[in-house]
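Trainee: Have a look at this one.
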Amino acid sequence: MKDSNFLKENNARHVWHPMAHPADSQTNLPTILTEARDVRITDVNGHEVIDAVGGLWNVNLGYSCEPVKQAIRDQLDALPYYSLFRGTTNDKAIELSYELAQFFAPDGLSRAFFTSGGSDSVEVALKLARQYHRIRGEASRTKFISLKKGYHGTHFGGASVNGNAKFRNAYEPLMPGCFHIPAPHTYRNPFNESDPEKLARLCAAALKDEIAFQGANTIAAFIMEPVLGAGGVMPPHPSFMPLVREICSKNGILLISDEVITAFGRTGSESGARHWGVKPDLMCTAKAITNGYFPFGAVMIADHVADVFEADRTGTASVDTGYTYSGHPVGAAAALAALAEIKAQKVHENAAERGKQLLGGLKGLQERFEVIGDVRGEGLMCALELVSDRTTKDPVGKDIPMKLQQAAYEDGVMVRVSGNNVIFSPPLVVTEDHVAKILSATETGLSAL
Numbered sequence: 056m057k058d059s060n061f062l063k064e065n066n067a068r069h070v071w072h073p074m075a076h077p078a079d080s081q082t083n084l085p086t087i088l089t090e091a092r093d094v095r096i097t098d099v100n101g102h103e104v105i106d107a108v109g110g111l112w113n114v115n116l117g118y119s120c121e122p123v124k125q126a127i128r129d130q131l132d133a134l135p136y137y138s139l140f141r142g143t144t145n146d147k148a149i150e151l152s153y154e155l156a157q158f159f160a161p162d163g164l165s166r167a168f169f170t171s172g173g174s175d176s177v178e179v180a181l182k183l184a185r186q187y188h189r190i191r192g193e194a195s196r197t198k199f200i201s202l203k204k205g206y207h208g209t210h211f212g213g214a215s216v217n218g219n220a221k222f223r224n225a226y227e228p229l230m231p232g233c234f235h236i237p238a239p240h241t242y243r244n245p246f247n248e249s250d251p252e253k254l255a256r257l258c259a260a261a262l263k264d265e266i267a268f269q270g271a272n273t274i275a276a277f278i279m280e281p282v283l284g285a286g287g288v289m290p291p292h293p294s295f296m297p298l299v300r301e302i303c304s305k306n307g308i309l310l311i312s313d314e315v316i317t318a319f320g321r322t323g324s325e326s327g328a329r330h331w332g333v334k335p336d337l338m339c340t341a342k343a344i345t346n347g348y349f350p351f352g353a354v355m356i357a358d359h360v361a362d363v364f365e366a367d368r369t370g371t372a373s374v375d376t377g378y379t380y381s382g383h384p385v386g387a388a389a390a391l392a393a394l395a396e397i398k399a400q401k402v403h404e405n406a407a408e409r410g411k412q413l414l415g416g417l418k419g420l421q422e423r424f425e426v427i428g429d430v431r432g433e434g435l436m437c438a439l440e441l442v443s444d445r446t447t448k449d450p451v452g453k454d455i456p457m458k459l460q461q462a463a464y465e466d467g468v469m470v471r472v473s474g475n476n477v478i479f480s481p482p483l484v485v486t487e488d489h490v491a492k493i494l495s496a497t498e499t500g501l502s503a504l
């Protein structure tokens, strides 16, 4: 490995970072991480901190999950690569498809289409939704509806259904036929409604209205995150997703549950849809499927959707999409090991318990610091929204959250800043002491403001 002086000299000089202005990355140099263990990461200066970001929502089992690492080593020695394109497969992809079908059986999902990550999974789900209707003789169903503030990745399809202008404006015009309704976000919504149950009904009514306006027979799918993540961690009222499921079913519209973040335990349930008691038609997964140790994803497909494809004899159901690394044997081996650990450790149960501790602690900080306008969370996905005035809800300047982040980091915890939100998504194996330290360092950051 190059020495630390070389790394510091060349930091951001030859690489452009995602979600960042190239010049800004060169002015405000990124933190250089060189090691990780358990739930801690270490930078090039030897400074060790608890990772309250969990990589990027994905290192659910922490950085020292030896079974996953060993599975990768063993698979590299056995079969480092072969494709899943027509006519070939590999043993690990077959095993993984079986295990995922068992894991997601309560969600009514029994088939898997493997991808290279979350954005890929969203893209495939959108394509399959359109193709499903085409096979059934409803080729007019091409449109998609999604939530404002929702995030669905960076490909053109995902960017088109994204509900945040930040991820859209630079790349427009995007895919036509994509429409958005208000998110059930009690702190900021166009209805000025703070009651979450009433807001859920209002947003569901907005969905009905949009369907009526567009024409149900023109809509392929509604896509949503069970808990909005990158938009600022926005858990809906428990009634919202069931209302959406009912509306979609009545109108022949597929429900795509984007669980790139929420699948595999983060909400406190094995899946986000299951958390709200809903069975989706398609589910997008990635991130924690390999604990972040290998780029991998899967679109899970409901039985009744699979039946339509598999019963076709016209050739219309040929799935003419995929990726060089779909079903990569090393990724599949990593996913098998990660899934075994997820089940053995029952990480969703720890996420529920530690999530209550984290959310309660953050609410306690809200009582003491006026800069915190809102606190929200579900399981181990929580957020603080920072405002300059609680009455007007005006966001703080972008330098304020960064100051908090830096002070918390110096005190031993990495948190994530997104706009005026401070987001917490630690590994699902954090302990009570880890969460206490996360809260303590956040308090240090708030005090520094």
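The numbering used here puts the first residue of the sequence shown at 56, with every later residue one more than the last.
Virtual Cβ for every residue (Gly too), placed ideally from N, Cα, C.
Every value quoted in this text rests on a predicted model; they were computed, and no experiment measured them.
Nearest CA to the CA of Gly173: which residue from Asn244, Met279, Gly352?
Mentor: As a working mapping, residue 173 is identified with position 118 in the sequence shown. The shortest C-alpha separation from Gly173 is found at Gly352.
Trainee: Residues in the same chain with beta-carbon distance under 8 Å from Asp129, minus the five sequence neighbours each way, listed in chain order, please.
Mentor: Numbered from its first residue, the sequence shown carries residue 129 at position 74. Excluding positions up to five away in sequence, the list reads Ala388.
Trainee: Span of the alpha helix (DSSP H) holding Ala91?
Mentor: As a position in the sequence shown, residue 91 is number 36, starting the count at 1. Counting along the chain, Ala91 falls outside any alpha helix (DSSP H), though it belongs to the beta strand (DSSP E) covering 88–92.
Trainee: Take the Cβ of Ile397 as the centre, count every other Cβ of all protein chains shown within 10 Å, and call the residue buried at 16 or more, exposed below.
Mentor: In the sequence shown, residue 397 corresponds to position 342, counting from 1. Buried.
Trainee: If Arg321 sits next to Ala406, beta carbons under 8 Å apart, how far is it from one beta carbon to the other, in whole angstroms?
Mentor: Position 266 of the sequence shown holds residue 321. Position 351 of the sequence shown holds residue 406. Confirmed, Cβ separation roughly 6 Å.
Trainee: The alpha helix (DSSP H) spanning Phe319 covers which residue range?
Mentor: As a first step, residue 319 is located in the sequence shown; it is residue number 264 there, counting from the start. Neither: Phe319 is in no alpha helix (DSSP H) and is coded neither H nor E.
Trainee: Check His240 in the structure and name its three-state DSSP category.
Mentor: Here residue 240 refers to the residue found at position 185 of the sequence shown. His240 falls in the coil class under three-state DSSP.
Trainee: With DSSP run on the structure shown, which of helix, strand or coil describes His517?
Mentor: Outside the shown range of the chain, which is 56 to 504, sits residue 517, and nothing can be said about it.
Trainee: Measuring CB atoms only, is the stretch 406–420 touching the stretch 212–230, in the sense that at least three cross pairs come out at less than 8 Å?
Mentor: Touching, no, given that fewer than three Cβ pairs across the two stretches are closer than 8 Å.
Trainee: By DSSP, does Ala261 sit in helix, in strand, or in coil?
Mentor: What you label residue 261 is simply residue 206 of the sequence shown in a count that begins at 1. Of the three classes helix, strand and coil, the one that applies to Ala261 here is helix, per DSSP.
Trainee: What residue range is occupied by the uninterrupted beta strand (DSSP E) comprising Met355?
Mentor: As a position in the sequence shown, residue 355 is number 300, starting the count at 1. Taken as a continuous stretch (DSSP letters only), the beta strand (DSSP E) holding Met355 covers 352–357.
Trainee: To the nearest whole angstrom, what separates the beta carbons of Gly212 and Met230, a pair I think is in contact under 8 Å?
Mentor: Position 157 of the sequence shown, counted from the first residue, corresponds to residue 212. Position 175 of the sequence shown, counted from the first residue, corresponds to residue 230. Correct: roughly 6 Å between the Cβ atoms.
Trainee: Quick one: is Arg445 buried, meaning 16 or more other Cβ sit within 10 Å of its Cβ, or exposed?
Mentor: The count along the sequence shown starts at 1 and reaches residue 445 at position 390. Classification of Arg445: exposed, given that the 10 Å Cβ count is below 16.
Trainee: Would you decide whether His69 is buried or exposed? Buried here means 16 or more other CB atoms lie within 10 Å of its CB.
Mentor: Counting from 1 along the sequence shown, the entry for residue 69 is found at position 14. By the neighbour-count rule (16 or more Cβ atoms within 10 Å), His69 is not buried but exposed.
Trainee: Spatial neighbours of Arg191 within its chain, please: C-beta separation below 8 Å, excluding the five flanking residues on both sides.
Mentor: Reading the sequence shown from its first residue, position 136 is the one you call residue 191. Around Arg191: Val363.
Trainee: Closer than 8 Å is the cut-off here; do at least three beta carbon pairs connect the stretch 274–285 with the stretch 170–189?
Mentor: Yes, the stretch 274–285 touches the stretch 170–189.
Trainee: Using a threshold of 8 Å, state whether the C-beta atoms of Asn346 and Val123 are closer than that.
Mentor: Taking the sequence shown and counting its residues from 1, one reaches residue 346 at position 291. Taking the sequence shown and counting its residues from 1, one reaches residue 123 at position 68. Yes, they are a contact pair.
Trainee: What's the C-alpha gap between Met338 and Ala75?
Mentor: Position 283 of the sequence shown holds residue 338. Position 20 of the sequence shown holds residue 75. Approximately 29 Å, taken between the alpha carbons.
Trainee: Does the Cβ-Cβ distance between Pro85 and Asn60 come in under 8 Å?
Mentor: Here residue 85 refers to the residue found at position 30 when the sequence shown is read from its first residue. Here residue 60 refers to the residue found at position 5 when the sequence shown is read from its first residue. No, the Cβ-Cβ distance between Pro85 and Asn60 is not below 8 Å.
Trainee: So for Asp336, helix, strand or coil by DSSP?
Mentor: In the sequence shown, counting from the first residue as 1, residue 336 sits at position 281. Coil at Asp336, not helix or strand.
Trainee: Would you mind sorting Tyr153 into buried or exposed? The rule is 16 or more other CB atoms within 10 Å of its CB.
Mentor: For the purposes of this step, residue 153 is identified with residue 98 of the sequence shown, where counting begins at 1. Tyr153 should be labelled exposed.
Trainee: DSSP three-state label for Ile397, please.
Mentor: Within the sequence shown, residue 397 is the residue found at index 342, counting from 1. Three-state DSSP puts Ile397 in a helix.
Trainee: What residues match up with Phe277 in a beta bridge as DSSP calls it?
Mentor: Stepping through the sequence shown from its first residue, residue 277 is reached at position 222. According to DSSP, which records beta bridges pairwise, Phe277 is partnered with Ile200, Leu310.
Trainee: On the premise that Phe169 lies in contact with Gly382, defined as a C-beta separation below 8 Å, what is that separation, rounded to the nearest angstrom?
Mentor: As a first step, residue 382 must be located in the sequence shown, where it is residue number 327. As a first step, residue 169 must be located in the sequence shown, where it is residue number 114. Yes, Gly382 and Phe169 are in contact; Cβ-Cβ is about 4 Å, under 8 Å.
Trainee: Which class does Glu103 belong to by DSSP, given the choice of helix, strand or coil?
Mentor: As a first step, residue 103 must be located in the sequence shown, where it is residue number 48. Strand.
Trainee: Around the C-beta of Val179, are 16 or more other C-beta atoms found within 10 angstroms, so that it is buried, or is it exposed?
Mentor: Position 124 of the sequence shown, counted from the start, is the residue given in the question as residue 179. Val179 should be labelled buried.
Trainee: What does the alpha-carbon distance come out to for the pair Gly323 and Gln460?
Mentor: Mapped onto the sequence shown, residue 323 falls at position 268. Mapped onto the sequence shown, residue 460 falls at position 405. So the alpha carbons of these two residues sit roughly 26 Å apart.
Trainee: Look up Pro450 in the DSSP assignment and say whether it is helix, strand or coil.
Mentor: Counted from its first residue, the sequence shown places residue 450 at position 395. Residue state, collapsed to three classes: strand.
Trainee: With respect to the beta strand (DSSP E) encompassing Glu227, which residues constitute its N-terminal and C-terminal limits?
Mentor: Along the sequence shown, read from residue 1 onward, the residue named residue 227 stands at position 172. Unbroken run through Glu227: none, as it is neither H nor E.
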